[in-house]
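Those protein sequences? They're chains P and F, same order as listed. Take the first sequence: its letters are residues 0 to 939, numbered as in numbering that gives the first Met the number 0. Take the second sequence: its letters are residues 0 to 302, numbered as in numbering that gives the first Met the number 0. Yeah, the Cβ is synthetic: ideal placement off N, Cα and C, and Gly gets one too. What follows is a set of notes on a single structure, which appears directly below.
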Amino acid sequence: MSEKTLSRRDFVKLAGATAGGAATLGSTGAFRALSAGEAARLSQQSTQIKYTADVMCPAECGVMVKVENGVASAIYGNPHVPYNAGTLCAKGAAGLQLVYNANRIKYPMIRVGARGEGKFKRVTWDEAIAFIADKLTAIKKTYGPEAVIMDAGDVTDRDTYWRLFFAFGTPNCTEHGAICDTPRRHGPRLMFGGKRVEPDVMRPVLLRQADGTLKNDYSYRTKLIVYAGWNPFTATRINYESRGTVGAKVAGARIIVIDPALSNTATKADRWIPIRPGTDPDLFAAILRYVLEHDNPKDPSRSYIDWTFRDKSVGWDEFRAAFQSWWAKKDPANNLQYFTLEWASERTGIPADTIAELAHSFGITKPAAFVWGMHGTGHHYNGYIASILGTTLNVITGNFDAPGGVIDTELTKSDKGGSATGKSFLARPVKRVVGGKEVQGKQDELHMDSYGDWPAAWDDVVGDYPRRMLKGVTLKQGPFRGRTYPIKAYILRTGNSVITGSATWRWQEALTARDGKGNYNVDLVVYVDTPFLESGLYADVVLPEASYLERVSLSDVYPSHPVIWLRDFVIDKQFESKTPFEIMNALARALHARGDTDIQPADFWEKYRDEADFWTEALAGAPGKPNVGSPLPYPRYPEGYKIIGTPDSLEAGRVTIDDEKKEIRGERVTVKWLREHHGVAVWPMSYFRYPGGILKTSSKKIEFKWDWTEATDKDAKRYGQYAKYNKLVEESGSVPPGIAALGWTRYPSTFYWFETWWNPYSNPAYAKYKKEYPFQLTSGRIHHAMSGTQMVDWLGRMPAEDTWLPINDAVTYQEVVVGADGPTPTGRTLRLPANTWAIAVIQMAASDARTLGLKTGDLVELANPLGQTARGKVNAVETIRPGVLRVAFGGGGRFSPGLGRNFYFKDVTPNHNDLVDPDDLSPIMGQPAYADMLVKVRKV
Amino acid sequence: MASNEVTDRSAKPDAEASRREWLSVAACAVVAGLALPAVPGQVLPADAASTRPDGENLTPLPDLPEPVAGEDPILRMLKDLRRALKKPVEERRWVMAVDLRKCTGCFGCTIACVTENKLPPGIAYRVVLTETHGTYPNVSRHFTPTACMQCDRPPCTSVCPVGATWKRPDGIVVIDYDRCIGCRYCIAACPYNARYFDSGHFYGDYEGGQLQPYETVAAHEYRVDRVRSRRASPVGNARKCHFCLHRVEQGELPACTVSCMGRATFFGDANDPKSLVAELISGPNVMRLKPELGLEPRFYYLM
């Protein structure tokens, strides 16, 4: 059939997805602005492409949204953002169904029933704000502003809320990091001042070339990646690890995945090593011992250690001595010497020769990346140790910040936030009466964790909030020690702590507890979000926040070099939702009107005319990274100076060099600049950006010791990441309960070891449970349908690994949708046929299922030694280690009608956090040890 | 309440069996009164042929720094594609290739396609099959993205009683929704299960009963703007992947190709020896599904 030209409609549509800049090919185009013609094209047509940042998950990929006649109609990856380089996962593409979900919170609401009952009435914004402001004002007067918690929840864009509440006077502002994976971050934090070690597989990376030009480098250099307890393909949290891992593999790298379950990442591994849950530190310790014992610089096949690391670090001798001090000791759990292959094999369930091969492979292969993950290390009581050992392994083998090695992406990402976040308010002097005496200190010193039970919890302790809600806060460190205060208000924004913040039942108890007069202990609970999740059921006031396509802010992600992109207005705000910026100002005005002098117009509505103003201030220091490494990002500027300003101004030489402050200051990055440059700013990558440089440790070197003193002629100076906390503890004489439980009186000055909880294979205290509770319960991330996105139909129809499967029973139900007055029956009766809708299930080894007489689809009850239970259907598969059950985190037992169809399966899907031990908070940072638990299985 | 009832006659308990049940809910079922033939007088192309882009309306290419040690595959494919568009349609040979070593099983392509083509419940042109083999600990799992294979000897076109589906000179098998009478012979004839019947459901049916705003926006399949409604094509028609012909002819890559998280999906003109896709499918590690049927599919897999 030949081609036919037809007269149809006028197809003047921007049908394509990749509307980009107008530069010609081959230019150093990343810095080129949209041409006038292109800008006009984007703004005039009824079909537009808008650049923004995703928030379906914290990967926050750079996206382009097609908007047709005002409706967002498709979402694509933005190819100008090297973090995702135009790619987008199912969740990112499915954002339309979150933004346009029938269950969105549409109007402000005030609770009319009891907490948890789900009865609300629609109110005006003025009424809602007045309600909150009245309560906050009264609480502040009676108990002090520190009695208010501002929890900025599960996704980003916390800055406006933090600013407001820091100004209000509370230091207790947090976000989801505290219940994410803090033990996993501990090693990099102690040793680099960083947080997040990722493989060097983000491609392209922008590199300075020998001829002075900047080019996008696409080559994969890594030869081996070990992922321990990390499943980037399913998490997609670090977007580039999907294409980067398979890209590196096809380019010749070997991939090893250590995971109790055959994760999607494991499907692409050259080797899958199914480890017993909670034994990652044991494996890592055995690898380190093997590397230390077998390293031979003279034998090329045994030359594991790159000893030049000693020039760039301090404390190795102390660390090694402390590590080796365990070698001769015998483990009471198995009567074997610590950290030997046999010892680790006994604990991890991995054959000793496999561990030896793994250690040898990692030691000898260069460059290589040893990467550990959230569930494998972050969710165990002793996860810190795995994190410290993993960091050590990368450093001593010469892979830290080496091409093809690992990068601490916390240290390399662009700075943002600056003074917009309001942290300067924390330095305000405040007075409180303690023991009858007036004491002066700083606002920050009222922090319930840092000066209470968790001084070293860098990311706050959300998992321990319920206890403080029930029993109050007692400050134990700092100038206000001895002061007690209650928690009277909990402002939760885009989080769902009832489901994700440790044991669900403990949160329910805390939010519904009443005092002797019948009033709720926590006097005010506010829930601010776009979807209506379980925590909203416990709120007194519910506020509809504009979705991520309806607001402005900045990405907050973990690329290998500084890259930042804009979240921008894409569509009109839906229903009566307001942006975080508008909510900040509305509440600030209301508090100011009630006489709160801590809230000044000059800090809020007079300071920022609009959202762009606010986020431009947050960009003031970007990228804020030193001009260091190889190749040097800006060879024309002084090495070591801090780089500030737009990529184009830095490239063109439109800079001021401040020798005093050691800064290279180009033209400031602004929201306007980002809007004119495909929404993104990209600065050059380099390697070996230490010592000095990017490290944020006290000695500016990699630190293997964490509290030491160096005497000079004049005085003695204390160094190390734990020094500050030990000083507090020494002053107060009060040992934080977390470490007191370990028998410690201070934070250790170098390598330490202790066992995890609820693991009968490594901790003798739990051996007695082994027989009655034969299964270890671990959690898996089902990226498609986690806490905040289960109402998205497209994701609900698709399976995810083995924990999210369309094996539902047929149900007929009366539909409930979140309406103007909260959850409301629509009058429709719907029937969902069997096997058509993915639900959270319990992944169980097929051999275990056979032993128990179970088959896929059977409903069982899981019970733990604490007497807690959860129900779900079994998925009997070959893809998990026998003796281990895996349940999707946040996957089941979801009891908010705002969850859409999953709500109707709440009684037959397991909520992992019904079974977590709320007192199993990891001892230094208080992260809930979600993956430490034993259960038994009973068919129901 | 009949129209609100969610029914499924095709549900199968075996999750690995095929594509239908994943995205299928339901909507594969025919609800009386919804499976209407096209309404004459609406958007009526004589058939689903192509119009050559004039080259001036192409959106600019992504504006990326010069590459070293490799190149951006999307940019390369876009350049390949636009070069092909300068040739007469008969000289283009569109093919797709998926590198199975790089598919991460994210299902992003499935959703990118659903949103691009405004597909209703029960229809997904691009489905990723998951297969698991072995017993613990010797287990493997494979992801196989599938779509219409755009066979060079398509078994689906000849069975159409009204000539509503045919193979274009550039190789894409198309459906003229306005001619299709919804008999479903072609669906039965396809050995790859790549064709679907549009039963007229909307996602809004399942949540609150109101159409979701993106369901009120026109899809641009075959470069015809159609707002899907219960009473007009493509409801009541057979539907399938067309390699995003509407995007391709505007100089853009198929939605599955651009979104692919593993950068596993490739698209282009196999007649152009300089194209990336021609390079890839000339390797020794290439296979196609069901080659024994002799249908000459244009969907290649790299192993």
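For residue i, is the classification buried or exposed, using 16 other Cβ atoms within 10 angstroms of its Cβ as the cut-off for buried?
{"i": "H79(P)", "result": "buried"}
{"i": "T173(P)", "result": "buried"}
{"i": "V97(F)", "result": "buried"}
{"i": "W757(P)", "result": "buried"}
{"i": "Q439(P)", "result": "exposed"}
{"i": "V936(P)", "result": "buried"}
{"i": "K328(P)", "result": "exposed"}
{"i": "N863(P)", "result": "buried"}
{"i": "F201(F)", "result": "buried"}
{"i": "A113(P)", "result": "exposed"}
{"i": "F142(F)", "result": "buried"}
{"i": "M286(F)", "result": "exposed"}
Does the CB of residue i have a neighbour CB from chain F at under 8 Å?
{"i": "C56(P)", "result": "no"}
{"i": "Y50(P)", "result": "no"}
{"i": "L282(P)", "result": "no"}
{"i": "W793(P)", "result": "yes"}
{"i": "K872(P)", "result": "no"}
{"i": "L261(P)", "result": "yes"}
{"i": "Y75(P)", "result": "yes"}
{"i": "K267(P)", "result": "yes"}
Using CA coordinates, which residue listed in the options is at the minimum distance from residue i?
{"i": "T164(F)", "options": "E278(F), R194(F), G107(F), C108(F)", "result": "R194(F)"}
{"i": "S139(F)", "options": "T878(P), M924(P), G897(P)", "result": "T878(P)"}
{"i": "P107(P)", "options": "E659(P), A92(P), I131(P)", "result": "I131(P)"}
{"i": "Y724(P)", "options": "W705(P), D712(P), D714(P), I486(P)", "result": "W705(P)"}
{"i": "H241(F)", "options": "R262(F), F266(F), M286(F), G235(F)", "result": "F266(F)"}
{"i": "T353(P)", "options": "T339(P), G115(P), R588(P)", "result": "T339(P)"}
{"i": "V816(P)", "options": "F774(P), N901(P), S576(P), N863(P)", "result": "N901(P)"}
{"i": "P630(P)", "options": "Y686(P), I598(P), E650(P), W836(P)", "result": "Y686(P)"}
{"i": "K49(P)", "options": "E67(P), C56(P), A58(P)", "result": "E67(P)"}
Verify the CB distance criterion: does residue i have a CB-CB separation below 8 Å to chain P?
{"i": "S328(F)", "result": "In the structure as shown, chain F begins at 0 and stops at 302. Residue 328(F) is therefore absent and cannot be evaluated."}
{"i": "V138(F)", "result": "yes"}
{"i": "C105(F)", "result": "yes"}
{"i": "Q149(F)", "result": "no"}
{"i": "V276(F)", "result": "no"}
{"i": "G235(F)", "result": "no"}
{"i": "P283(F)", "result": "no"}
{"i": "R262(F)", "result": "yes"}
{"i": "I171(F)", "result": "no"}
{"i": "G208(F)", "result": "yes"}
{"i": "Y135(F)", "result": "yes"}
{"i": "V158(F)", "result": "no"}
{"i": "D62(F)", "result": "yes"}
{"i": "K273(F)", "result": "no"}
{"i": "T145(F)", "result": "no"}
{"i": "S198(F)", "result": "no"}
Could you list which residues in chain C have their beta carbon closer than 7 Å to that of residue i, in chain order?
{"i": "T136(P)", "result": "The question asks about chain C, but that chain is absent: this structure's protein chains are P and F."}
- Task: Identify every run of the beta strand (DSSP E) within the stretch 783-866 of chain P, keeping only runs that are complete inside it and at least 3 residues long; order them along the chain.
- Result: Within the stretch 783-866 of chain P, the complete beta strand (DSSP E) runs of at least 3 residues are 810-818, 821-831, 841-844, 858-862.
- Query: Taking only runs of the beta strand (DSSP E) that begin and end inside the stretch 187-229 of chain P, which ones reach a length of at least 3 residues, in chain order?
  - Reply: Contiguous beta strand (DSSP E) elements confined to the stretch 187-229 of chain P occur at 196-198, 204-207, 213-216, 223-227, taking only those with 3 or more residues.
- Message: With three or more C-beta pairs closer than 8 Å as the rule, is the stretch 425-438 of chain P touching the stretch 151-162 of chain P?
- Response: Cβ pair count under 8 Å is below three, so no.
- Item | Those runs of the alpha helix (DSSP H) which lie wholly inside the stretch 649-707 of chain P and span at least 4 residues | Runs of the alpha helix (DSSP H) inside the stretch 649-707 of chain P: 670-674.
- For the stretch 520-578 of chain P, list the beta strand (DSSP E) runs that are entirely contained and at least 3 residues long, ordered along the chain. Listed in chain order, they are 523-528, 540-543, 562-566.
- Query: At which residue ranges does the stretch 159-231 of chain F contain complete beta strand (DSSP E) runs of 3 or more residues, listed in the order of the chain?
  - Reply: Within the stretch 159-231 of chain F, the complete beta strand (DSSP E) segments of 3 residues or longer fall at 164-166, 172-174, listed in chain order.
- Count the C-beta pairs between the stretch 918-936 of chain P and the stretch 854-871 of chain P that are closer than 8 Å, then say yes if the count reaches three, no if not. Result yes; three or more Cβ-Cβ pairs closer than 8 Å.
- At what residue ranges does the stretch 215-294 of chain P contain a whole run of the beta strand (DSSP E), taking only runs of 3 or more? Secondary structure in the stretch 215-294 of chain P: the beta strand (DSSP E) runs of 3 residues or longer, each lying completely within the stretch, are 223-227, 253-257, 270-272 in chain order.
- Item | Validate contact between the stretch 121-133 of chain F and the stretch 141-160 of chain F using beta carbons, cut 8 Å, 3 pairs | A contact exists between the stretch 121-133 of chain F and the stretch 141-160 of chain F.
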